[in-house]
Amino acid sequence: MSGGIQDVRAEEIVAINSESGVRIKTAVGRGAYVKDIYVRNINMNTMKYAFWMSGNYGSHPDDGYDPKALPEIKNINFRDAVGKNVTKVGDLIGIEGDPFTGICISNVTVELAKKNIVEELDLFEKAKKLPWNCSDIGGVSSRVTPTPCGLLPEKKVDCAFPSDVLSIDNVVLKTCSIGFGKK
């Protein structure tokens, strides 16, 4: 990721039995950026996290990384999502002194996991009391259930998703069939 990731669009996602629906991870020393990320129409079922962003990933290819290289994480948009049997709605942990900014989450409804499908009772109890875990982030939310952490205050918005048409949007797949019959 040292070169940066920008202008990503993802939509019509179905995630089943996975650790997270959407995950963004980075760490001090990575530098570069993750920005202008647009995700919409997500259907998630049976997972630990619906939204997982971590600034403390801590993995580096070698010991020669620059501990002063801070990544820029901004303009992250999640909209139109439904989740069922999810242990924690959001675990959004930025970097102290280098917060993730411009996070927008709108039109999201997540049903928390029932006790019988969560591996540990302790994890279930924590998730029930705190479905969101947030630090060192900033942004807004709109029409999100359960209510997000205070760092994502309610504001009547629909999170952005680009309306321009990409070349891939005009691709038409052709199908053909070959019959193998007896002679």
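Residue numbers for the sequence shown follow our numbering, beginning at 38 and rising by one. We put the CB at the ideal spot given by N, CA and C, even for glycine. Just so you know, these numbers come straight off a predicted model, no measurement behind them.
Rounded to the nearest angstrom, the gap between the Cα atoms of Gly92 and Cys171 is 11 Å. Straight-line measurement puts the Cα of Ala87 at about 12 Å from the Cα of Ile50.
Residues of the same chain with a CB within less than 6 Å of the CB of Glu109, apart from the 5 flanking positions on each side, are Tyr70 in chain order.
Listed in chain order, the non-local C-beta contacts of Thr63 below 7 Å within the same chain comprise Met38, Val71, Gly92, Tyr94, Pro108 and Ile110, local neighbours out to five positions each way being set aside. Beta bridge pairing from DSSP links Ser172 with Ile130. In the three-state reduction of the DSSP assignment, Ile61 falls in the strand class, which pools E and B. Going by beta carbons, Ile61 and Asn82 fall outside the 7 Å limit. From the listed residues Tyr75, Asp117, Ile205 and Arg67, the smallest Cα separation to Asp99 is found for Arg67.
Burial of Pro168 is indicated by the presence of at least 16 other C-beta atoms within 10 angstroms of its C-beta.
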